[in-house]
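Top line first, the protein sequences correspond to chains G and H.
Counting from 1, one number per residue, gives the positions in the first sequence under this note's numbering.
Counting from 311, one number per residue, gives the positions in the second sequence under this note's numbering.
Even glycine gets a Cβ: it sits at the ideal position worked out from N, Cα and C.
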Amino acid sequence: MSIGGIDIVTLAAMLMAASTPVLLAATGELVAEKSGVLNLGVEGMMIMGAVAGFAAAVATGSPVLGFVAGALAGALMATLFAFLTQIFLSNQVATGLALTLFGLGLSALIGKGYEGVRPPPTAKLDFGPLADIPVIGPIFFSHDWIVYASVLLVAVVWFVLRYTRAGLILRAVGESHDAAHALGYRVVAVRFAALGFGGAMAGLGGAYLSLVRVPQWTEGMTAGAGWIALAIVVFASWRPWRVLLGAYMFGGITALQLQLQAAGYAIPVHILSMAPYVITIVVLVILSALHRHGVQAAPASLGKSFHASS
Amino acid sequence: MNRRSFLKTTAATTLVAGVGLPAFAADEPLKIGFIYVGPVGDMGWSYQHDQGRKAIEEKYGDKVQTSFIESVPEGPDAERALTQLALAGNKLIFATSFGFMDATVNVAKKFPDVKFEHATGYKLADNLAVYDAKFYQGRAIQGTIGGRMTKTNKIGYIGSYPIPEVYQGINAAYLAAKKVNPDVEMKVVWAYTWFDPAKEADAAAALIADGVDVLLQHTDSTAPQAKAQEAGNVITFGQASDMSSFAPKPRVSSTIDNWAPYYNKRVGEVMDGTWKSEATWGGIDTGMVEIGEITDAVPAVVKAEALKLKDDIAGGTVHPFTGPLNKQDGSVFLADGEIATDEQLHGMTFYVEGITAEAPK
Chain G
1 MSIGGIDIVT LAAMLMAAST PVLLAATGEL VAEKSGVLNL GVEGMMIMGA
51 VAGFAAAVAT GSPVLGFVAG ALAGALMATL FAFLTQIFLS NQVATGLALT
101 LFGLGLSALI GKGYEGVRPP PTAKLDFGPL ADIPVIGPIF FSHDWIVYAS
151 VLLVAVVWFV LRYTRAGLIL RAVGESHDAA HALGYRVVAV RFAALGFGGA
201 MAGLGGAYLS LVRVPQWTEG MTAGAGWIAL AIVVFASWRP WRVLLGAYMF
251 GGITALQLQL QAAGYAIPVH ILSMAPYVIT IVVLVILSAL HRHGVQAAPA
301 SLGKSFHASS
Chain H
311 MNRRSFLKTT AATTLVAGVG LPAFAADEPL KIGFIYVGPV GDMGWSYQHD
361 QGRKAIEEKY GDKVQTSFIE SVPEGPDAER ALTQLALAGN KLIFATSFGF
411 MDATVNVAKK FPDVKFEHAT GYKLADNLAV YDAKFYQGRA IQGTIGGRMT
461 KTNKIGYIGS YPIPEVYQGI NAAYLAAKKV NPDVEMKVVW AYTWFDPAKE
511 ADAAAALIAD GVDVLLQHTD STAPQAKAQE AGNVITFGQA SDMSSFAPKP
561 RVSSTIDNWA PYYNKRVGEV MDGTWKSEAT WGGIDTGMVE IGEITDAVPA
611 VVKAEALKLK DDIAGGTVHP FTGPLNKQDG SVFLADGEIA TDEQLHGMTF
661 YVEGITAEAP K
């Protein structure tokens, strides 16, 4: 199926794979921010996940272990961030930026020996006859397991935040840490857990970049994906399904732009490149207009430090 | 060292500098700085410049002291990085990307006794030289191989930025491919980056989805190679560096930028005081452009044809841009038998006739 020289099926299949790293990282960051912590170190955690995942996969020959290592590395970075911001009450914005710079540098150092190395391939899931269904087959049944896992994780995060007691506590901590503390919830512990989850997801996203999407290790290979993930959380006004929408839209426009060019359209590349950001700004304007009289979309305690004494 | 002798030495040094003796005494190494647009580990462009830097260290040993700043963004940051290198006492500074041009010009003005070298640019000053390699010669050879080997008659090209260097590459590859295969079609995707593995991989995937089975890249990472390998039936060429880890297929050959001889020559000239500001444009003949090994994935006949073209270009009997040649809009670029001058090529910001894609505005 093709419209105006653009193969829609290929485009749809490409955008799912292209969006997965950002989707994973954004879902993780959403959970962290829902607990009231702004972690700007997504980029740093992603790239650590990318290098650790790559190294582990090459060493063991197993991409699955690579993804596990990527998630662990991301979680470890997030734990460092949690120590600094939750125990030592450092400024979250500055610490997050430092985490990004730290991650970029450390990953380059660790990755020195892995340049030009090829990782073990991650197989696509075999759906048998399902993959042969026209249109639907190549779009939905032609991916590796991480793509499906990422969508599943969005559903899980949505369900937990909305329907479980744990989700309620997490949101309570994010909305008003003093109230949550007064009720006897351990604010710092909840935030450690949320940050750890966010880091693991970012690490997973990074590992997907280096093991599947590119697939190889190069310094600085995340090239800003972590920042896009942060923007998507805001764009999605902290709602999981909108994160999915936002991530696929960002990925979709990137894929579309390149396909348009390949098909020979003379489109102003710069306009398409900035489109996702323009849309984010427009959405933010609309949101703030809608919420003028009441509830803000951001968790009320977002970015504020908490200490039991205060 | 006690204070008195320290003062004495300092005074002596000041005196020496003051009377205009050579600023670097025999025991003081010549400091040389580099800025790279990507990480040295890109295995492409910046990696190759860093090989040149290492060659300087190897040749001159203790007489030089080199340093580099990697992943410098093109634009104002480059000016800061260059100033930093100049203030650190570097007497010869290499700025190794087209987009560093204006930054280098500005900083060169501020440090008249520091010598600057800018790669792939065209602005000269008393203390600013430019150097470049005729990458398009390598592209002509790649076009020949690609035109012979394509089954879909579609050749894909991942462009970085719409600047003359990249247009030269696209046009040279297309002309050479069309010569051996009149049905060939050129697909161009502009990535607007020198180095972004994920985006380069996406660009490669888009071209491959469009039916391209010969892929040329003007970006610096090996990501397109990895994508081509995944697709299976696509051939690629190493860009800037050999990228031999993807040989014998998809990478069937490469253009290698060998900066080492030029760097060593210029360092030597600074040392003996004969350094002059000039424009150098080296090709296959001077060894600045090398053609990486053509693998066995290429049929022997095609390989022989490509190697002959290489010799002809090196010998000067063939020029990839020889008239009659029209621009894309049909206006005349070169008359029959006319050969493009370097000036014409440096100003090339258009596609040649036959390429159907539209040039970015």
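{"Check": "Nearest neighbour of Lys613 of chain H, chosen from H:Ala589, H:Gly453, H:Met598, H:Lys419 [CA to CA]", "Outcome": "H:Gly453"}
{"Check": "Neighbour list for Pro349 of chain H in chain G, Cβ cutoff strictly below 8 angstroms", "Outcome": "Ala108, Thr218, Glu219, Gly220"}
{"Check": "Strand pairing of Arg561 of chain H, partner residues [DSSP]", "Outcome": "H:Thr546"}
{"Check": "For Gln358 of chain H and Gly597 of chain H, the rounded distance between their alpha carbons", "Outcome": "14 angstroms"}
{"Check": "Residue range of the unbroken beta strand (DSSP E) whose run includes His428 of chain H", "Outcome": "425–429"}
{"Check": "Which listed residue (G:Gln92, G:Leu15, G:Ser237) has its alpha carbon closest to that of Val42 of chain G", "Outcome": "G:Gln92"}
{"Check": "Environment of Thr651 of chain H [buried if 16+ CB atoms lie within 10 Å]", "Outcome": "exposed"}
{"Check": "Chain G within 8 angstroms of Trp500 of chain H, Cβ atoms only", "Outcome": "yes"}
{"Check": "Candidates G:Phe306, G:Gly61, G:Phe140: closest to Arg186 of chain G by CA position", "Outcome": "G:Phe306"}
{"Check": "Residues sharing a beta bridge with Ile465 of chain H, DSSP", "Outcome": "H:Met496, H:Val524"}
{"Check": "Residues of its chain near Ala645 of chain H, where Cβ-Cβ distance is below 8 angstroms and the 5 sequence neighbours each way are ignored", "Outcome": "Gly633, Pro634"}
{"Check": "Chain H contact for Gln259 of chain G (CB, 8 angstroms cutoff)", "Outcome": "yes"}
{"Check": "Backbone secondary structure at Gly657 of chain H - three-state DSSP", "Outcome": "coil"}
{"Check": "Backbone secondary structure at Leu161 of chain G - three-state DSSP", "Outcome": "helix"}
{"Check": "Three-state secondary structure (DSSP) of Phe81 of chain G", "Outcome": "helix"}
{"Check": "Closer than 7 angstroms: Asp530 of chain H CB and nearest the ligand COA heavy atom", "Outcome": "Among the components modelled here there is no ligand, and therefore nothing to report on the ligand COA."}
{"Check": "Residue interval of the beta strand (DSSP E) (run including Trp504 of chain H)", "Outcome": "From DSSP, Trp504 of chain H is part of no beta strand (DSSP E); its letter is neither H nor E."}
{"Check": "Within the stretch 360–435 of chain H, ranges of the beta strand (DSSP E) (whole runs, at least 3 residues)", "Outcome": "374–379, 402–405, 425–429"}
{"Check": "Among H:Ile480, H:Asp512, H:Ala511, the one whose alpha carbon lies nearest that of Lys497 of chain H", "Outcome": "H:Ile480"}
{"Check": "Opposing strand residues paired with Lys124 of chain G [DSSP bridges]", "Outcome": "G:Asp144"}
{"Check": "Inter-residue spacing [alpha-carbon to alpha-carbon] between Ala180 of chain G and Val37 of chain G", "Outcome": "15 angstroms"}
{"Check": "Rounded distance between the beta-carbons of Ile110 of chain G and Val188 of chain G, thought under 8 angstroms", "Outcome": "That belief does not hold up - the Cβ atoms of Val188 of chain G and Ile110 of chain G are roughly 30 angstroms apart, past 8 angstroms."}
{"Check": "Spatial neighbours of Phe408 of chain H in its chain, beta-carbon cut-off 7 angstroms, leaving aside the 5 residues before and after", "Outcome": "Thr430, Gly431, Ile473, Glu475"}
{"Check": "Under 8 angstroms between C-beta atoms of Asp530 of chain H and Asp352 of chain H", "Outcome": "yes"}
{"Check": "Beta-carbon proximity list for Ala405 of chain H, same chain, < 6 angstroms, skipping 5 on both sides", "Outcome": "Ile345, Thr414, His428"}
{"Check": "4 or more residues per run - each alpha helix (DSSP H) lying fully within the stretch 596–661 of chain H", "Outcome": "610–625, 652–656"}
{"Check": "Sequence-distant residues of its chain with Cβ nearer than 7 angstroms to Ala75 of chain G (five each side left out)", "Outcome": "Gly196, Gly199, Ala200, Gly203"}
{"Check": "Closest residue to Gln447 of chain H among H:Tyr477, H:Lys425, H:Asp423 (Cα-Cα distance)", "Outcome": "H:Tyr477"}
{"Check": "At least 3 beta-carbon pairs within less than 8 angstroms: the stretch 246–262 of chain G vs the stretch 532–544 of chain H", "Outcome": "no"}
{"Check": "Test: Arg242 of chain G CB closer than 8 angstroms to a CB of chain H", "Outcome": "no"}
{"Check": "DSSP beta-bridge partners of Phe344 of chain H", "Outcome": "H:Phe378, H:Phe404"}
{"Check": "Separation of Asn39 of chain G from Gly103 of chain G, as counted between CA atoms", "Outcome": "13 angstroms"}
{"Check": "CB contact check: Met14 of chain G to chain H, cutoff 8 angstroms", "Outcome": "yes"}
{"Check": "Opposing strand residues paired with Gly592 of chain H [DSSP bridges]", "Outcome": "H:Ala443"}
{"Check": "Proximity test, Cβ basis, 8 angstroms: Tyr555 of chain H and chain G", "Outcome": "The identity of residue 555 of chain H in the sequence shown is Ser, whereas the question assumes Tyr. Yes, its Cβ sits closer than 8 angstroms to a Cβ of chain G."}
{"Check": "CB contact below 8 angstroms: Asp639 of chain H versus chain G", "Outcome": "no"}
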